[in-house]
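Residue numbers (the numbering used here), protein chains in the order written: chain A, 1 to 111; chain B, 1001 to 1112.
Glycine included, each C-beta is placed from N, C-alpha and C at the ideal position.
In this text, all values refer to a predicted model and were calculated from it rather than measured experimentally.
Take a look at the structure set out below.
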């Protein structure tokens, strides 16, 4: 069945460094969404990408959807302590277009 | 945040007892979902609903049942709770016009 893999599972970075998390699907996706979950909180929708090769920015966050619509990335420029938490991608695809969440990348910021 | 609440927020129960978790929305959205979140597993879909009395199974539906008698409420029932069902449960809603989901605050369930 459809699988959505996220790497890395965990990363710690020095505050101010950049960070990237990657999402890879076993099947072509119709769209991909990204969510952010702060420690102890609930997932919060950030953005949705639909078009092949699409790039969207939200302040220090850059989201990309691959040309083949099977992978995506989230890049954070100059991380801050508020970036701590887990980022999830969720892809819709397959015959029934169901949404499958990746297992998330947990980011820890070192002061 | 979307108008979505979950109750209770925390619950401790014993193995073998029935448990019902409630999700309530004020957005009149068509789609509602129940997920469980466990370390190392991310978010896994238990059941979802695409309208009143219309529900379907997700990837980890064994041991769970759901009901949706009103648009605003989606109930998740553990008929006989087991320790493997100790988890954080999230409800989510979706308007049906696009794919993004809006999550409730979660319920932390401990089965002893």
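Legend entry - In DSSP terms, what residue 90 of chain A is bridged to: To locate residue 90 of chain A, count along the first chain from 1; it is residue 90. Under DSSP, residue 90 of chain A takes part in a beta bridge, and its partners are A:33, A:101.
Legend entry - Exposure of residue 1035 of chain B, with buried meaning 16 or more beta-carbon neighbours within 10 Å: Position 35 of the second chain, counted from the first residue, corresponds to residue 1035 of chain B. Counting C-beta atoms within 10 angstroms of its own C-beta, residue 1035 of chain B has 16 or more neighbours from the protein chains shown and is therefore classed as buried.
Legend entry - CB contact below 8 Å: residue 1105 of chain B versus chain A: Numbered from its first residue, the second chain carries residue 1105 of chain B at position 105. Answer yes: the Cβ-Cβ gap between residue 1105 of chain B and chain A drops below 8 Å somewhere.
Legend entry - Rounded C-alpha distance that separates residue 1046 of chain B from residue 108 of chain A: Start at 1 with the first residue of the second chain, and residue 1046 of chain B comes out as number 46. Start at 1 with the first residue of the first chain, and residue 108 of chain A comes out as number 108. Rounded to the nearest whole angstrom, the CA to CA distance from residue 1046 of chain B to residue 108 of chain A is 29 Å.
Legend entry - heavy atom of the ligand SAH below 7 Å from residue 28 of chain A C-beta: Ligands displayed in this structure: none; no statement on the ligand SAH is therefore possible.
Inset, instruction - Under 6 Å Cβ to Cβ from residue 1108 of chain B, same chain only, skipping five residues before and after it: list those, please. - result: The residue labelled residue 1108 of chain B in the question sits at position 108 within the second chain. Only 1010, 1088 meet the Cβ criterion.
Inset, instruction - Give me the Cβ distance between residue 87 of chain A and residue 56 of chain A, rounded to the nearest whole Å; I'm assuming they're in contact under 8 Å. - result: Within the first chain, the letter at position 87 stands for residue 87 of chain A. Within the first chain, the letter at position 56 stands for residue 56 of chain A. 15 Å between Cβ atoms; not a contact.
Legend entry - residue 1020 of chain B versus residue 53 of chain A: straight-line alpha-carbon distance, rounded: Residue mapping note: residue 1020 of chain B aligns to position 20 of the second chain, counting from 1. Residue mapping note: residue 53 of chain A aligns to position 53 of the first chain, counting from 1. Rounded to the nearest angstrom, the two C-alpha atoms are 44 Å apart.
Legend entry - Simplified DSSP assignment, three categories, for residue 80 of chain A: The residue you call residue 80 of chain A lines up with position 80 of the first chain. Looking at residue 80 of chain A - three-state DSSP - the assignment turns out to be coil, as it is neither helix nor strand.
Legend entry - Amino acids of chain B, ordered along the chain, whose beta-carbon sits closer than 9 Å to that of residue 103 of chain A: What you label residue 103 of chain A is simply residue 103 of the first chain in a count that begins at 1. In chain order: 1040, 1041, 1042, 1043.
Inset, instruction - Can you tell me the Cβ-Cβ gap for residue 1017 of chain B and residue 1092 of chain B, rounded? I've got them flagged as a contact below 8 Å. - result: For the purposes of this step, residue 1017 of chain B is identified with residue 17 of the second chain, where counting begins at 1. For the purposes of this step, residue 1092 of chain B is identified with residue 92 of the second chain, where counting begins at 1. That pair is no contact at about 26 Å.
Inset, instruction - Out of A:30, A:15, A:90, A:24, point me to the one whose CA is closest to residue 7 of chain A's CA. - result: Taking the first residue of the first chain as position 1, residue 7 of chain A is located at position 7. It is A:24.
Inset, instruction - Output yes if chain A places a C-beta closer than 8 Å to the C-beta of residue 1090 of chain B; else output no. - result: For the purposes of this step, residue 1090 of chain B is identified with residue 90 of the second chain, where counting begins at 1. Closer than 8 Å to some Cβ of chain A, the Cβ of residue 1090 of chain B qualifies, so yes.
Inset, instruction - Using a Cβ-Cβ cut-off of 8 Å, state whether residue 1101 of chain B counts as contacting chain A. - result: Position 101 of the second chain, counted from the first residue, corresponds to residue 1101 of chain B. Yes - at least one Cβ of chain A is within 8 Å of the one on residue 1101 of chain B.
Inset, instruction - Look up residue 1069 of chain B in the DSSP assignment and say whether it is helix, strand or coil. - result: Within the second chain, numbered from 1, the residue matching residue 1069 of chain B stands at position 69. Three-state result, residue 1069 of chain B: strand.
Inset, instruction - Could you give the DSSP three-state label for residue 48 of chain A: helix, strand or coil? - result: One-based indexing of the first chain puts residue 48 of chain A at position 48. Residue 48 of chain A falls in the strand class under three-state DSSP.
Legend entry - Neighbourhood of residue 1101 of chain B by C-beta, 6 Å cutoff - its chain only, sequence neighbours within 5 removed: Along the second chain, read from residue 1 onward, the residue named residue 1101 of chain B stands at position 101. Answer for residue 1101 of chain B: 1092, 1094, listed in chain order.
Inset, instruction - Quickly, what does DSSP pair residue 1092 of chain B with across the bridge? List them, please. - result: Walking along the second chain from the start, residue 1092 of chain B turns up at place 92. Its beta-bridge partners are B:1033, B:1103.
Legend entry - Opening and closing residue of the beta strand (DSSP E) in which residue 1051 of chain B lies: Start at 1 with the first residue of the second chain, and residue 1051 of chain B comes out as number 51. Segment 1042 to 1051, the beta strand (DSSP E) holding residue 1051 of chain B.
Inset, instruction - Check each residue of the segment 1057 to 1072 of chain B: if its Cβ is closer than 7 Å to any Cβ of chain A, include it; give the result in chain order. - result: Identification of residues in the segment 1057 to 1072 of chain B having a C-beta nearer than 7 Å to some C-beta of chain A yields an empty set.
Inset, instruction - Use the C-beta contact count for residue 1049 of chain B: other C-beta atoms within 10 angstroms, 16 or more gives buried, fewer gives exposed. - result: Counting from one through the second chain, the residue named residue 1049 of chain B turns up at place 49. Residue burial annotation: residue 1049 of chain B is buried, with at least 16 other C-beta atoms found within 10 angstroms of its C-beta.
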